[in-house]
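Note sheet for the following structure.
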Amino acid sequence: MLENTESGTAVEVGTGPAGTQRRRGRVEALLLSSWRRPFLAMALLIIAVVSVMAIAPTLFTSIDPRDCDLSMSRLGPGPGHPFGFDMQGCDYYSNIVYGARTSMLVGVLVAGLTFVIALVAGSLAGYYGGITDTVISRAADIVLGVPVTIASLVILYQFKSRGVGTIVFVLVLFTWAGTMRYLRSTVLQVKQLEYVQAARILGVGRLQNLRRHVLPNAITPLIVMSTLSVGAGMTAEAGFSILGVGIKLPAFSWGLQIAAASSDGNWQIAPLLMLFPALMLALTTLAFVVLGENLRDALDPRSA
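Under this note's numbering, read the sequence shown as residues 1209 to 1512, first letter to last.
Structure, rendered in structure tokens:
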């Protein structure tokens, strides 16, 4: 069955456990057939490589990114140093490799925490309604009414030491509301379906009904949105670094490298210092977008 959410987006709602099994089968079929989809296969490969790079950077380089020699400052690629050297004479390839951890960590944490908050708040607001819905929805309205960019900059300026936790906190603070309202609208539609009403008539508890019948059929759009949020979080972290309110040195991140390359005209002298981290960020973000788009197509009943 196909229902329309308040945003006008069609979402799939199944008929209880059978609908959940069908969607799970579609995702498995999508992954198994990825070799026939070159863009999806490339996206999965990029995500896998960057993930391994973030978890175990020593598999990709044995050079310490903090081992620097000013005499090598801004030298181009050479034997053993495929990306050349940065302004401090540090091996730029090892900087890019170690920067993957921070960038990926920000994206994954933002997507994961937003997913959990939206899941809990959106399901409670949509299913229970009443005062619960009023309190949660009004809180979301307040967040949505705040100018995100200005508010984020103001908050980040208050922290003298900014790390991954600070950036993730600010991003989650201003992203959960929109995602929550999306899930809430889906829950409102699903809870009116016949099998959900039948379960309630048969005496199934409200919380159990929500967990077993409503959420499995309302959560799929949230999963797709969370996949897209990983790339968005990584891009936002880079943006904060460029504006001077992001993660501070001596941390490594692609955003910091882009910011350093763009300061004092360094990119004009050594454009590769801008190219390499920007290319890694763009490819990884695009990979998550492609994965999200394919997941959406796999979970769309019209693609069956």
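Ideal Cβ positions, reconstructed from N, Cα and C, are used throughout, including at glycine.
Everything numeric in this text was worked out from a predicted model, so none of it was measured.
Could you tell me whether the Cβ atoms of residue i and residue j are closer together than 8 Å?
| i | j | result |
| --- | --- | --- |
| Leu1423 | Ser1331 | yes |
| Gln1296 | Leu1283 | no |
| Ser1360 | Val1380 | no |
| Gly1320 | Ile1455 | no |
| Thr1374 | Phe1367 | yes |
| Ala1407 | His1421 | yes |
| Ile1350 | Pro1485 | no |
| Tyr1335 | Leu1418 | yes |
| Ala1329 | Asp1341 | no |
Classify residue i: buried if its beta carbon has 16 or more other beta carbons within 10 angstroms, exposed otherwise.
| i | result |
| --- | --- |
| Gly1307 | buried |
| Leu1457 | exposed |
| Leu1396 | buried |
| Ile1344 | buried |
| Val1362 | exposed |
| Ile1477 | exposed |
| Val1318 | buried |
| Asp1272 | exposed |
| Ile1339 | exposed |
| Thr1322 | buried |
| Leu1253 | exposed |
| Leu1401 | buried |
| Gln1465 | buried |
| Val1376 | buried |
| Ala1506 | buried |
| Thr1217 | At Thr1217 the pLDDT is 39, less than 50, meaning the model places this residue with poor confidence; the figure from the coordinates comes in the next sentence. It is exposed - the Cβ of Thr1217 has fewer than 16 other Cβ atoms within 10 Å. |
| Arg1389 | buried |
| Ala1490 | exposed |
Out of the options, state which residue places its alpha-carbon closest to the alpha-carbon of residue i.
| i | options | result |
| --- | --- | --- |
| Ala1262 | Ile1363, Leu1313 and Asp1299 | Leu1313 |
| Asp1299 | Ala1486, Leu1480 and Gly1500 | Leu1480 |
| Val1432 | Val1318, Leu1253, Leu1415 and Leu1499 | Leu1499 |
| Ala1326 | Arg1370, Ala1426, Pro1265 and Ala1249 | Ala1426 |
| Ala1251 | Leu1494, Gln1400 and Gly1441 | Leu1494 |
| Leu1267 | Arg1274, Asp1275 and Val1258 | Val1258 |
| Leu1391 | His1421, Ile1375, Leu1430 and Val1404 | Leu1430 |
| Arg1274 | Leu1464, Ala1459 and Ala1490 | Ala1459 |
| Arg1309 | Ala1264, Ser1270 and Pro1290 | Ala1264 |
| Val1324 | Ser1437, Gln1416 and Ala1490 | Ser1437 |
Could you pull the start and end residues of the alpha helix (DSSP H) that residue i belongs to?
| i | result |
| --- | --- |
| Phe1293 | Neither: Phe1293 is in no alpha helix (DSSP H) and is coded neither H nor E. |
| Arg1346 | Gly1338 to Leu1352 |
| Thr1374 | Val1372 to Val1398 |
| Phe1247 | Pro1246 to Ile1263 |
| Thr1357 | Val1356 to Tyr1365 |
| Val1404 | Glu1402 to Ile1409 |
| Thr1428 | Thr1428 to Ile1450 |
| Gly1463 | Trp1462 to Ser1470 |
| Arg1414 | Arg1414 to Asn1417 |
In angstroms with no decimal places, state the Cα-to-Cα distance between residue i and residue j.
| i | j | result |
| --- | --- | --- |
| Ser1302 | Thr1492 | 17 Å |
| Gly1439 | Trp1384 | 16 Å |
| Val1354 | Phe1382 | 8 Å |
| Ala1468 | Met1488 | 16 Å |
| Ser1369 | Val1398 | 45 Å |
| Ser1461 | Gly1315 | 12 Å |
| Ser1311 | Ala1256 | 14 Å |
| Phe1247 | Thr1428 | 22 Å |
| Met1482 | Ser1281 | 15 Å |
| Gly1470 | Phe1448 | Per the sequence shown, residue 1470 should be read as Ser rather than Gly. So the alpha carbons of these two residues sit roughly 13 Å apart. |
| Val1453 | Met1442 | 15 Å |
| Gly1337 | Ala1347 | 14 Å |
| Ala1496 | Thr1435 | According to the sequence provided, residue 1496 is Phe. The question's Ala does not apply to it. If you take the alpha carbons of Phe1496 and Thr1435, they lie about 6 Å apart. |
| Ile1450 | Gly1463 | 7 Å |
| Glu1211 | Pro1290 | For Glu1211, the predicted structure reports a pLDDT of 41, less than 50, and the residue's modelled location is therefore unreliable. A value from the coordinates is still provided. For Glu1211 and Pro1290, the distance between alpha carbons rounds to 52 Å. |
| Thr1394 | Thr1387 | 11 Å |
| Val1404 | Trp1475 | 59 Å |
| Arg1504 | Pro1285 | 41 Å |
| Glu1501 | Ser1270 | 36 Å |
| Asp1294 | Val1260 | 24 Å |
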